[in-house]
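Working notes, structure below.
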Amino acid sequence: MSDYMMLSTTAVNAERWVGVRETGSQGYRELAQQYLSQYGLSVQQAYDFLLQNLESPRTIVSVCEDFGVNTKMLAGIVGTTLDTVHGFFANSGVNYAGIVDESDDDAGDEFDADAFYSFLMNHLESPQSIVNEASKYQLNLNYLAETTGLALQQVAQFFESAGVDYSALLDGVDWPPADVYNPSAFYNFIMENVESPQLIVNEASKYQLNLNQVADLVGFSVQQVAQYFQQYGVNYDGLMHGVVWPEEDDASSDFDEDAFWASYYELLEFWGSNVDWNDYQAVYGDDWQDYLSWYQANYAQLIDELSELFGEYDDVYGDASYYEQFMQSYSEVLASYAQGGEYSQEELQQALEQIEQGMAEYYAAILEAYGQAGG
Numbered sequence: 002m003s004d005y006m007m008l009s010t011t012a013v014n015a016e017r018w019v020g021v022r023e024t025g026s027q028g029y030r031e032l033a034q035q036y037l038s039q040y041g042l043s044v045q046q047a048y049d050f051l052l053q054n055l056e057s058p059r060t061i062v063s064v065c066e067d068f069g070v071n072t073k074m075l076a077g078i079v080g081t082t083l084d085t086v087h088g089f090f091a092n093s094g095v096n097y098a099g100i101v102d103e104s105d106d107d108a109g110d111e112f113d114a115d116a117f118y119s120f121l122m123n124h125l126e127s128p129q130s131i132v133n134e135a136s137k138y139q140l141n142l143n144y145l146a147e148t149t150g151l152a153l154q155q156v157a158q159f160f161e162s163a164g165v166d167y168s169a170l171l172d173g174v175d176w177p178p179a180d181v182y183n184p185s186a187f188y189n190f191i192m193e194n195v196e197s198p199q200l201i202v203n204e205a206s207k208y209q210l211n212l213n214q215v216a217d218l219v220g221f222s223v224q225q226v227a228q229y230f231q232q233y234g235v236n237y238d239g240l241m242h243g244v245v246w247p248e249e250d251d252a253s254s255d256f257d258e259d260a261f262w263a264s265y266y267e268l269l270e271f272w273g274s275n276v277d278w279n280d281y282q283a284v285y286g287d288d289w290q291d292y293l294s295w296y297q298a299n300y301a302q303l304i305d306e307l308s309e310l311f312g313e314y315d316d317v318y319g320d321a322s323y324y325e326q327f328m329q330s331y332s333e334v335l336a337s338y339a340q341g342g343e344y345s346q347e348e349l350q351q352a353l354e355q356i357e358q359g360m361a362e363y364y365a366a367i368l369e370a371y372g373q374a375g376g
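Quick note on numbering: the sequence shown equals residues 2 to 376 in the working numbering.
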């Protein structure tokens, strides 16, 4: 069935359209009624014929030519706009020049809320038609949101997903005020709710963020974040507005030496100024539990950040066995201590030092692999 014709073969929509026709383009309806009466036909009979032949626009044109029915009369019969009638035939590719009558302006083309709503519901698979129709009546996204009962962002996403330019509907749009966005607070929220992705989607939507912004915040690619939501079966359409999908990486792309080492030293400099890797005097202080908690969170974040950096250059340093080995040891040590397990404070200190030594060897392996790669 055409994307343009505001009709449906379902009984519910057909009944609704009969009601719409009574309040639609009255000027064209009266024109059609007067014309058809000379053949002993009613508008209802003509309407039924159109409904039965929606999938055969060529038949409609042929019969209209035989009876002298033009596009304005068709608009009156259906109870729609002249533009919609033209769109129906144009979209079908049928030559309908023989029934076009544009002798005067479309005076009967006044806005009717019910007719527009029906148009909207019957053109959900043709977003461009909706934009065209709404633009003609100078409607904006706010009106579409109120009419459909959807959020403003959902309406915008409807057009964006279809790749349709809806800028004509943005004039005077009253966007809801977004809550004050704090990236650090939202990052912590994500980390605390990793197993509740729906909460993450809801929170991101509240700040009007999209998938790219969430991905940038957590340090993953937009594809990885999308896959994360998909694995949980979460609807994240509200985060799809304005999303830019990166092109597939070129397998033959050159290793960006400057970018790699700039990122590497930036990480080490930052963490080196915040963590004293060799001084454990705080272990024996009264604030040991606070220190352990801080150390655990920040050390894990450092390893994650370095792992992400190295992961971007897997062809340079080889597999991730170093990272996996040390991260597993680190987690086991801290988990055991936190649960009152086998480690004393002194043993914990020694275990952490061993892990750090392992990380130093990890860095050395990275440097060696980089050198072998021609760095």
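For glycine and all other residues, C-beta sits at the position ideal for the given N, C-alpha and C.
Counting along the chain, Tyr144 sits inside the alpha helix (DSSP H) bounded by residues Leu142 to Thr149. A Cβ-Cβ contact shorter than 7 Å links Val156 with Leu145. For the pair Asn213 and Val223, the CB atoms are nearer than the 7 Å cut-off.
With a cutoff of 7 Å on beta-carbon distance, Pro128 and Val165 are scored as near each other.
Inclusion of Val244 and Pro198 in the CB contact set at 7 Å is not warranted, their separation being larger than that value. Take the alpha-carbon of Phe159 and the one of Phe112: they are about 23 Å apart.
In the DSSP annotation of this structure, the continuous segment of the alpha helix (DSSP H) that includes Asn92 starts and ends at Leu83 to Ser93.
The Cβ atoms of Ala135 and Leu170 sit closer than 7 Å to each other. Residue state for Glu161 is assigned as helix, using DSSP reduced to three classes.
Exposure of Tyr233 is indicated by the presence of fewer than 16 other C-beta atoms within 10 angstroms of its C-beta. Contact annotation: Glu204 and Phe190 have beta-carbon atoms nearer than 7 Å. Look at Asn189 here: in three-state DSSP terms it is helix. DSSP, read as helix, strand or coil, puts Tyr229 in helix.
The beta carbon of Gly99 sits closer than 6 Å to the beta carbons of Glu66 from its chain, once the five residues preceding and following it are set aside; these are given in chain order.
For the set Leu153, Ala114 and His124, the Cα lying nearest the Cα of Tyr138 is the one of Ala114.
Look at Leu42 here: in three-state DSSP terms it is coil, with no helix or strand label. In this model, Ala47 and Leu142 are separated by some 35 Å (Cα to Cα). When the five nearest sequence neighbours on each side are left out, the beta carbons in the same chain lying within less than 8 Å of the beta carbon of Glu31 are those of Gly77, in order along the chain. Assigned with DSSP and collapsed to three states, Pro184 falls in helix.
If you look at Ile78, you'll find it in the alpha helix (DSSP H) that goes Thr72 to Val79. With a threshold of 16 other beta carbon atoms within 10 Å, Val195 falls short and is exposed. For the pair Ala33 and Phe90, the Cα-to-Cα distance works out to about 19 Å. Here Val156 carries a helix assignment [DSSP, helix/strand/coil].
DSSP places Ile131 in the uninterrupted alpha helix (DSSP H) bounded by Pro128 to Lys137. A residue is called buried when at least 16 other Cβ atoms come within 10 angstroms of its Cβ; Ser38 does not meet this threshold and is exposed. In terms of Cβ geometry, Asp102 and Asn71 form a close pair [threshold 7 Å]. Ser130 and Leu151 have their alpha carbons spaced roughly 19 Å apart. Of Leu210, Ser93 and Lys73, the smallest CA-CA separation from Tyr188 is found for Leu210.
Here the alpha carbon of Gln154 sits roughly 24 Å from the alpha carbon of Ser185. Rounded to whole angstroms, the gap between the alpha carbons of Leu240 and Leu121 is 23 Å. Boundaries of the alpha helix (DSSP H) harbouring Asn203: Pro198 to Lys207, taken from the DSSP string. Here DSSP, grouped into helix, strand and coil, assigns Met241 to coil.
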